[in-house]
């Protein structure tokens, strides 16, 4: 199994998940600004889920970059991750429809939690194959961000039963945690534009 | 016709089938756990169909790996396979809606049977092109797993008219038969992580 | 503009058209064989449209194979072709819903006619770029099959106003004309399996 | 992050946006020509949005062509662009449903404006990385077409509140501005078909 096909298939699935979520956005009832505003929670959810897929796509690429040999285990761990992410259009639509409700909000968090765990399993499996001294094993390190995200998801699910809006803030926080540092690192590079020339 | 384009096109179609099935999952009626639980058969069906596409994608890759020259016959045998698999979102949705009914369950099995036969035809056609002594001909061997799956589908379709749930167990069994050995082989490799270094 | 990206983009669009058509198949009303049989015209239409996309994908590949340089004109001629083909899920669904009606049947033919003309324009444009003595110019030759298909579509559209079913037979005939010869050529190759070894 | 994966992912997302818009076209009510004619505004919108995606795909390719190194900033600027474009099926469907209404028409323009700004940000970011003297910096030049489009979108949004049809003409004008020159340049090349041989 060539790595490029695994990457291409995963990219394809992620690109489709990203794009078909828009099909779950219902048409506003009427042609007024109020009709559009009624969709605000759905649009914000769409933005959040879009961000998540963008982050997974980005991290997934870096993760696979370190793989030298694709085994059956890596392949299935990857499909396991894609399975949970593939449910995102479903959970996004449900939480968008009932953004003040506990169960849809908790389910959204549960799916993101399952995705995060699936991602961690994929990491473990690659490290097991590549060896403890491999590039990935060192790069992942203590993996504070990964385990911190899992903790935030768990907290979000618990909080969803008391205050769904707070749980949704937790989910947005996880996205920001992964999104912002990327830009920081980039800024360092941007200050040395001639570094690669 | 380059092999890489055939692979890329097949991967694209499989990735889309895998992902759009989620669009067939209806939104739960209401925001309660009961509303979500009412979707359990649909979600289980989704999981089963996801597994099937994952297995076909995996096996399809190994199959094409052995092809040296893509002929018109291979191309159409491949499209024939994709045709039956493309109906999976349709049959999955129908069986999900009527999981206790005979006809939807039998139809699901019939589509999987047609896919399995189409896969076997693709195998034959490749072997005819590559020669009896080719890598694929030897790898396929007596093809117990392939013919066994076909037998299980036929049995499942027959059983569907008496006990749909049992037929669905048969279909799940086929998926497990293809899924589990992969992991066994992988474990052997995993025990020798340095083998490829 | 690299040729590989044009091919990849076209393949992506064709793979998506092929696959999302299944989303236009409505779920049968009920769980009986009669409910499924009521979908027969829709399923036959799906098969026909699937065949058309398969044929276009196949021919499109051979066409682009001869291109040495992608110009803006080729790019837009290609997008023009993809535009008409992208309407296929729409026309397929409408003809499927009203398979005994003249207008939906004529529209289906009109879209296929527009696609065939767009394909011919793409051929002309490539030949203009590659030169009259190019491989493609000689391969296309008098292009009996291409112009014959266009004539059959025109005839089908006219016939649709008298007998929709006959028009649909015309459309199926075009698909067969393109499908069968491919297999004949293949059979010649299949008889010499060692030719490429 | 390899450039080819960024290109492939963007192409995938654009191909899917292009194709799933057809799913937003409702089936005509009935089998008559009148039923089809009632969809005219929707079909024209579909054509316009198809053109936009075709133009973005084309320009996006030329833009990325000049990139030598993909940084995190470029990646996120690219996802930012894809986010706004991904809303196109939603805004197209709404404007198609209410083509005489101000708010849907203004929203369509606002999304196109956001996409144009996102594209400009992506350009800036790439130029910042590649250096002021880079190929792209010189090619973009004073960027009259880019800023002119933004001005036309702003004008269109303002006009939408008085005359939606005029705003839609503005949007179509932007598409033509980007579409026609491409063909002019091409014609120059077409007059020298032997240039590349």
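Residue numbers (UniProt numbering), protein chains in the order written: chain A, 1 to 197; chain B, 1 to 197; chain C, 1 to 197; chain D, 1 to 197. Where is the CB? At the ideal position from N, CA and C, for every residue including glycine. Just so you know, these numbers come straight off a predicted model, no measurement behind them.
Same chain, Cβ closer than 8 Å to residue 170 (chain C), neighbours up to 5 away in sequence not counted: Only residues of its own chain outside the window of five on either side were considered, and among them 109, 152, 153, 155, 156, 159 have a CB closer than 8 Å to the CB of residue 170 (chain C), listed in chain order.
Excluding sequence positions up to five away, which residues of its chain have a Cβ less than 7 Å from the Cβ of residue 5 (chain A)? Non-local beta-carbon contacts of residue 5 (chain A) in its own chain, meaning distances under 7 Å to residues more than five positions away in sequence, are absent.
By a C-beta neighbour count over all protein chains shown, 10 Å radius and 16 as the cutoff for buried, is residue 78 (chain D) buried or exposed? Residue 78 (chain D) comes out buried.
For residue 128 (chain C), the three-state DSSP class (helix, strand or coil): Note: residue 128 (chain C) maps to helix in three-state DSSP.
Against chain A, with Cβ distances strictly below 8 Å, would residue 146 (chain B) count as a contact? No, because no Cβ of chain A sits closer than 8 Å to the Cβ of residue 146 (chain B).
Rounded to the nearest angstrom, what separates residue 114 (chain A) and residue 119 (chain B) at their Cα positions? Their backbone Cα atoms lie some 33 Å apart in a straight line.
Grab me the residues of residue 196 (chain D)'s own chain with a C-beta within less than 7 Å of its C-beta, minus the 5 sequence neighbours each way, in chain order. At residue 196 (chain D), the pLDDT of 35 sits below 50, so the modelled position is not reliable and the matter cannot be decided from this model.
Beta-carbon neighbours of residue 86 (chain C), restricted to chain D and to distances below 9 Å: Within 9 Å Cβ-Cβ: 18, 19, 21, 22, 46, 50.
Quick one: using the 10 Å Cβ neighbour count with 16 as the cut-off for buried, is residue 53 (chain C) buried or exposed? The residue in question, residue 53 (chain C), is buried, as its Cβ has 16 or more Cβ neighbours within 10 Å.
What residue range is occupied by the uninterrupted alpha helix (DSSP H) comprising residue 34 (chain A)? Start and end: 33 to 37.
Examine the Cβ distances between the stretch 65 to 77 of chain A and the stretch 8 to 17 of chain A and report whether three or more of them are shorter than 8 Å. In short, these stretches do not touch, since the Cβ pair count stays below three.
Chain B contact for residue 97 (chain A) (CB, 8 Å cutoff): At a cut-off of 8 Å between C-beta atoms, residue 97 (chain A) counts as an interface residue with respect to chain B.
Of all the options C:61, C:173, C:163, C:47, which has the alpha carbon lying nearest to the alpha carbon of residue 2 (chain B)? Nearest C-alpha to residue 2 (chain B) among C:61, C:173, C:163, C:47: C:61.
To the nearest angstrom, how far is it from the Cα of residue 81 (chain B) to the Cα of residue 32 (chain A)? Distance from the CA atom of residue 81 (chain B) to the CA atom of residue 32 (chain A), rounded to whole angstroms, is 47 Å.
For residue 102 (chain A), collect the residues of the same chain with a Cβ closer than 7 Å to its Cβ; drop the 5 residues on either side in sequence, then sort them by chain order. Excluding sequence positions up to five before and after residue 102 (chain A), its CB lies within less than 7 Å of the CB of 160, 161, 164, all in the same chain and listed in chain order.
Residues of the stretch 1 to 12 of chain D with a CB closer than 7 Å to any CB of chain A: list them in chain order, please. The stretch 1 to 12 of chain D vs chain A, Cβ under 7 Å: 1, 5, 8, 9, 12.
So which residues of chain A does residue 32 (chain B) contact, with C-beta pairs closer than 9 Å? Neighbours of residue 32 (chain B) on chain A, chain order: 101, 103.
So which residues on chain D does residue 89 (chain A) lean against when the C-beta distance must stay under 7 Å? Result: empty, since nearest Cβ-Cβ is about 12 Å, beyond 7 Å.
Contact criterion: CB-CB distance below 8 Å. Does residue 161 (chain C) meet it with respect to chain D? With 8 Å as the cut-off, residue 161 (chain C) does not count as an interface residue toward chain D.
Can you check whether the C-beta of residue 193 (chain A) is within less than 8 Å of a C-beta belonging to chain B? Residue placement at residue 193 (chain A) is poorly supported in this model, since its pLDDT is 43, which falls under 50; the coordinates are not used for a value here.
Spatial neighbours of residue 112 (chain B) in its chain, beta-carbon cut-off 6 Å, leaving aside the 5 residues before and after: So the qualifying residues of the chain are 153.
Hey, does residue 61 (chain D) have any beta-carbon neighbour from chain C nearer than 8 Å? The C-beta of residue 61 (chain D) comes closer than 8 Å to at least one C-beta of chain C.
Evaluate residue 99 (chain C) with the Cβ neighbour count: other Cβ atoms within 10 Å of its Cβ, from every protein chain shown; 16 or more gives buried, anything less gives exposed. Only buried fits residue 99 (chain C), as 16 or more other CB atoms lie within 10 angstroms of its CB.
Under 7 Å by beta carbon: chain D residues contacting residue 57 (chain A): The contacting residues are 9.
How about residue 173 (chain C): is its C-beta nearer than 8 Å to some C-beta of chain B? For residue 173 (chain C), the answer is no, since every Cβ of chain B falls outside 8 Å of its Cβ.
Can a CB atom of chain D be found closer than 8 Å to the CB of residue 170 (chain C)? With its beta carbon at least 8 Å from every one in chain D, residue 170 (chain C) lies outside the interface.
Any C-beta of chain D sitting closer than 8 Å to the C-beta of residue 41 (chain A)? Not closer than 8 Å to any Cβ of chain D, the Cβ of residue 41 (chain A) fails to qualify, so no.
Would you check if the distance between the CB atom of residue 131 (chain B) and the CB atom of residue 41 (chain B) is smaller than 8 Å? The answer is no: Cβ separation not under 8 Å.
Would you please verify whether the beta carbon of residue 94 (chain B) is less than 8 Å from any beta carbon of chain C? For residue 94 (chain B), the answer is yes, since a Cβ of chain C falls inside 8 Å of its Cβ.
Grouping DSSP H, G and I as helix and E and B as strand, with all else coil, what is residue 68 (chain C)? If DSSP states are grouped into helix, strand and coil, residue 68 (chain C) belongs with coil.
So the alpha helix (DSSP H) residue 161 (chain A) belongs to, where does it begin and stop? Counting along the chain, residue 161 (chain A) falls outside any alpha helix (DSSP H), and DSSP gives it neither H nor E.
Is the beta carbon of residue 49 (chain C) closer than 8 Å to that of residue 88 (chain C)? Yes.
For residue 64 (chain D), go through chain A and note every residue whose CB falls closer than 7 Å to its CB, in chain order. Neighbours of residue 64 (chain D) on chain A: none; closest Cβ ~15 Å, over 7 Å.
For chain C, is any of its Cβ atoms less than 8 Å away from the one on residue 122 (chain D)? For residue 122 (chain D), the answer is no, since every Cβ of chain C falls outside 8 Å of its Cβ.
For residue 186 (chain D), count neighbouring Cβ atoms within 10 angstroms of its own Cβ and tell me buried if that reaches 16, exposed if not. The predicted model places residue 186 (chain D) with a pLDDT of 47, which falls under 50 and marks its position as unreliable; any figure quoted below should be read in that light. It counts as buried.
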